[in-house]
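Right, one structure below, let's go through it.
Protein chains: 2
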Amino acid sequence: MQEIDERQGKGAASRERLEDCISFLIGKAAQRVTRDIREALDPWGVTPIQYAVLAALWDEDGQSGARIGQRLVLDSATITGVLDRLQKAGLVERSPDPGGDRRVNLIRLTARGRALEAPLGRCIAAYNAALREELGAEQAERLWQALRRLGGFAAGR
Amino acid sequence: MQEIDERQGKGAASRERLEDCISFLIGKAAQRVTRDIREALDPWGVTPIQYAVLAALWDEDGQSGARIGQRLVLDSATITGVLDRLQKAGLVERSPDPGGDRRVNLIRLTARGRALEAPLGRCIAAYNAALREELGAEQAERLWQALRRLGGFAAGR
DNA sequence: GACAAATCTCTTGTATGCGAGTCTTTTGCA
DNA sequence: TGCAAAAGACTCGCATACAAGAGATTTGTC
């Protein structure tokens, strides 16, 4: 203990190097990936989260905001803002629930929103592939697994 | 290809499942860890980034904002805001550079800022240990390595 | 049928992040 | 020396995130 105190000052005996703290490491790694993706999506004027919302709608058009938020683990306040911007960009529309539930707004892709599936899908797939290659197939697979576990997206999902 | 198109609609041949995209996975994993840490630090009224800035100052008091930003990979705009709030909380002070460079503000810990090293250090170390246990030592070490690599904090650093 | 509890959406306020730009000061180089 | 370039800190605007809560609507239950 003593040599640690000498090196880092009092109180440091139980303090880890910042660069070894998971909160710092994962935050910075996520920051890097997000920045890459933001750049890759920029030509279409779409942000990473906006891509995620679009992807959810490509899988199933006409979901409620709450349903999208559940899948993407997004707060209702965040969803509202993202949908506002997607709507302003002309990629989605809000429409009333045919079932008659007046609390609900169903989110529908516009033609322009649907048209982005192919190019954006390729763009993201290419980035995933590039990162898998950068890390190597084996390390990449282990990273994917650990992240799925941390984020609560168990393998079964 | 055809069966994929049938399952997911046109354009999907090259689109990966959202839950398999690294940008989504790492973002959500980081979100979870950050939320945990935010909660753990809440009793002291300190946020995760504020902890990181404090940690940098515990290692070396009296750094310039630019130097802190370099280590933490933070934009100057972000640093300014974080320091504003730390100063308002009475944990740090801005002081002129003794070297006479009038562009620079050196950031110094107050007594209250210094006093947080032991309890916050223990708090974060405990979280790291808990997460290491949750993942298992081996998977944790591999995750740490992969994240260091992604974030540009190579092993040598 | 009525009412408490739950749902869905949206608003407000605060805290990162980043792009872009400003102002001041310092450096480097012709 | 003189002046363009760089550096440090800051501002503004926009886009996530989340806590807290408001308003409208629906559901479950007695």
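So the protein sequences, as listed, match chains A and B. Its first residue numbered 1, the first sequence is counted upward by one per residue in the working numbering. Its first residue numbered 1001, the second sequence is counted upward by one per residue in the working numbering. Note that CB positions come from ideal geometry on N, CA and C, so glycine has one too.
The Cβ atoms of V92/A and R102/A do not sit closer than 8 Å to each other.
Inter-residue distance for G1062/B and Y1127/B is about 28 Å (C-alpha atoms, whole angstroms).
The beta-carbon distance between A1029/B and G151/A, rounded to whole angstroms, is 4 Å. This is short enough to meet the 8 Å contact definition. The region 1017-1082 of chain B is shown to contain whole alpha helix (DSSP H) runs of 4 or more residues at 1022-1041, 1048-1059, 1065-1072, in chain order. Taking 8 Å as the threshold, the shortest C-beta distance from V92/A to chain B does not fall below it. R1102/B: not part of any alpha helix (DSSP H); DSSP gives it neither H nor E. From the listed residues L1143/B, R1142/B, E1141/B, A1125/B, the smallest Cα separation to S14/A is found for A1125/B.
Per DSSP, A1115/B is one residue of the alpha helix (DSSP H) stretching across 1111-1115.
For the region 72-88 of chain A, the beta-carbon criterion of a distance under 7 Å to any beta-carbon of chain B is satisfied by V73.
Taking C-beta atoms as the reference points, I49/A and V82/A count as a pair closer than 8 Å. Apart from the 5 residues on each side of it in sequence, I37/A sits with its Cβ closer than 8 Å to the Cβ of P48, Y51, I124, Y127 in its chain, given in chain order. Spatial neighbours of N1105/B in its own chain (CB-CB distance under 8 Å, excluding positions within 5 residues in sequence) are listed in chain order as S1064, G1065, R1094, S1095, P1096, D1097. One Cα belongs to I1022/B, the other to G1100/B, and the distance between them is close to 47 Å.
In this structure, DSSP gives L1091/B a state outside helix and strand, which the three-state scheme calls coil. The beta carbon of W1044/B does not come within 8 Å of any beta carbon belonging to chain A, so the residue lies off that interface.
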